[in-house]
Amino acid sequence: MRLKKKKKKKKRIKRPPHFISLQHNLDEINRLLEIHTEIAGSGPGYKHNVQVLNKSAVVLLLACWEAYIEDLAENCFNLMLSKADVPHVFPDHVLATAAKEVRKNDKDVWLIANAGWKDVLKSHKEKVLEYYVIRGAFNTPNPDKIDRLFAKLIGMPPLSRTWYWSGMSVVKSKEKLNKLIELRGNIVHRVQTSKNVTKFNVSDNKEFILRLAVISNNRAIRYLYEKIGQRPWRTMRYKKTR
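Numbered according to this note's numbering, the sequence shown spans residues 126 to 367.
Set out below in structure tokens:
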């Protein structure tokens, strides 16, 4: 009697850690929406005395987006560095910038013995994150800043050029994100806004941020595959957006 060979189970690709964190963070917004319903009900029409909940949700939503972009950028860099056997996994302009930071000849830096060149790139990462995230207080994560962050850190082409789906062009998605950032700024700095912030505004923008997050994750995975030949995380999907 022949024994059947057990089929090896395919190792399932893990979910992106940055996306898991985003979903946990968005639970705070979901809770605000639940409180909104508890206070004002779920029927149609303008709701009085719940503007503060909607405004708080907008501020939290942008905080979720900021954290997501920071996590995605750092996770991509760390993965590229851990899988790289040679520095030229990173594009030349990233290496040139990193080399200038340590004030050495570009070629000399990348001839450092063993894995010393990785320390140069780690230092580069810290400086980029300090400039864009810490010192720059990455509180306006608009398309231009996001594109520059990923270009400086890992040499990725403009991420915002991939933000499109059925009914939403790249131009419109950039405008929508910038308007959301402007709204958040008005809430934080002026408290009052020229227009009412409704529960629909919150839900609509939460869905918008989720779509941006899905596309950004999936495009980052594609870029990593081009550079290191691996897909470290699962591609995500939100409704028909992927």
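Yeah, the Cβ is synthetic: ideal placement off N, Cα and C, and Gly gets one too.
Counting only runs of at least 4 residues, the segment 141-204 fully encloses the following alpha helix (DSSP H) elements, listed from N- to C-terminal order: 142-165. Around the beta carbon of Pro-282, a 10 Å sphere encloses fewer than 16 other beta carbons of the protein chains shown; the residue is thus reported as exposed.
With a threshold of 16 other beta carbon atoms within 10 Å, Ser-207 falls short and is exposed. Counting along the chain, the unbroken alpha helix (DSSP H) around Trp-242 starts and ends at 241-254. Here the alpha carbons of Leu-158 and Trp-358 stand approximately 30 Å from one another. For the pair of segments examined, the segment 334-349 was found not to touch the segment 175-182: the number of CB pairs separated by less than 8 Å stays below three. Across the set Leu-186, Val-219, Arg-156 and Ile-194, the C-alpha of Ile-194 shows the shortest separation from the C-alpha of Ala-345. Along the segment 282-365, the alpha helix (DSSP H) occurs as fully enclosed runs of 4 or more residues at 295-315 and 324-353, listed in sequence order. At the C-beta level, Gly-280 and Phe-215 come within 7 Å of one another. Contact between the segment 242-249 and the segment 298-309 is absent, with fewer than three C-beta pairs closer than 8 Å. Closest in alpha carbon position to Phe-144, among Lys-225, Leu-204 and Asn-342, is Asn-342.
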